[in-house]
Amino acid sequence: MQPPPGGDVVTSAYDVTDVIRTTCDLGVAVGYICVSQCLRHKLSINAYEEDFLSAEKYRDKYPELCSQIEQLYLKDSSTKDFSEKRKLKLPKIELKKFDGDAKDYLTFWSQFRKIHEDSSIPNEDKCQYLLQAVVPKSKAARVVESFPATEDNYPKEIS
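Just so you know, our numbering puts 57 at position 62 of the sequence shown, and the rest follows in order with no gaps.
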């Protein structure tokens, strides 16, 4: 009888039982290693799938973000182009004074709206601009003057 590789010849029932137990232990160990590798493989597949889905989200957002950047760039460059093309000095536009008459409101508001929408101007200053933009002693002037020129009162004056 040839000895198993790396071992001695089995000579007794005790040795046979010991070999079977060792073989079973090795089988369990090999099975454990296989299961462990399968689990690691499954975890790596799950990690890969998560990374892939995350990359897909970014891929889907990329064209949208590029479009937004392009729009901002075009908006900025068109403003520069417009101001660079104009070399002559234009006269200052004087605000049309509002007297409270409803038929003049749209004309007045189309000019004053630029001040109103400018976020760099504090509301207190907008109050002063509004006061300067109404005809003195008119209905509109009385309404504007009825509020102190504060940040909180500007929205009230406009409405």
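Every residue, glycine too, gets a C-beta built ideally from N, C-alpha and C.
Check your understanding: Rounded to a whole number of angstroms, what is the C-alpha to C-alpha distance between Y100 and F93?
Key -> 7 angstroms
Check your understanding: If you compare alpha carbons, which of Q127, V129, E119 is closest to N148?
Key -> E119
Point to revise | As assigned by DSSP and simplified to three states, the class of F47 | key: helix
Check your understanding: Smallest Cα separation from A135: which of E44, D96, I110?
Key -> D96
Check your understanding: How would you label F47, buried or exposed, when you count the other beta carbons within 10 angstroms and need 16 or more for buried?
Key -> exposed
Exercise for review: Kindly list the residues whose CB is nearer than 7 angstroms to the CB of S133, restricted to its own chain and excluding five residues on each side of it in sequence; keep chain order.
Suggested key: D94, G95
Check your understanding: Ordered along the chain, which non-local residues of its own chain (more than five positions away) have a Cβ less than 7 angstroms from that of L90?
Key -> Q106, F107, A128
Point to revise | Neighbourhood of P150 by C-beta distance below 6 angstroms, restricted to the same chain and skipping five residues each side | key: none
**Study point:** Where the alpha helix (DSSP H) through N148 begins and ends
**Key:** Here N148 belongs to no alpha helix (DSSP H), and DSSP marks it neither H nor E.
**Study point:** Sequence-distant residues of the same chain with beta carbon closer than 6 angstroms to A8, five excluded per side
**Key:** Summary for A8: the model assigns pLDDT 48, below 50, so the residue's position carries little reliability, and this model does not support an answer.
**Study point:** Pairwise C-alpha distance: E44 and E112
**Key:** 48 angstroms
Practice item. Can you tell me the Cβ-Cβ gap for E152 and P117, rounded? I've got them flagged as a contact below 8 angstroms. Key: The pair is not a contact, with the Cβ atoms about 14 angstroms apart (cut-off 8 angstroms).
Point to revise | Backbone CA spacing between A144 and L126 [nearest angstrom] | key: 9 angstroms
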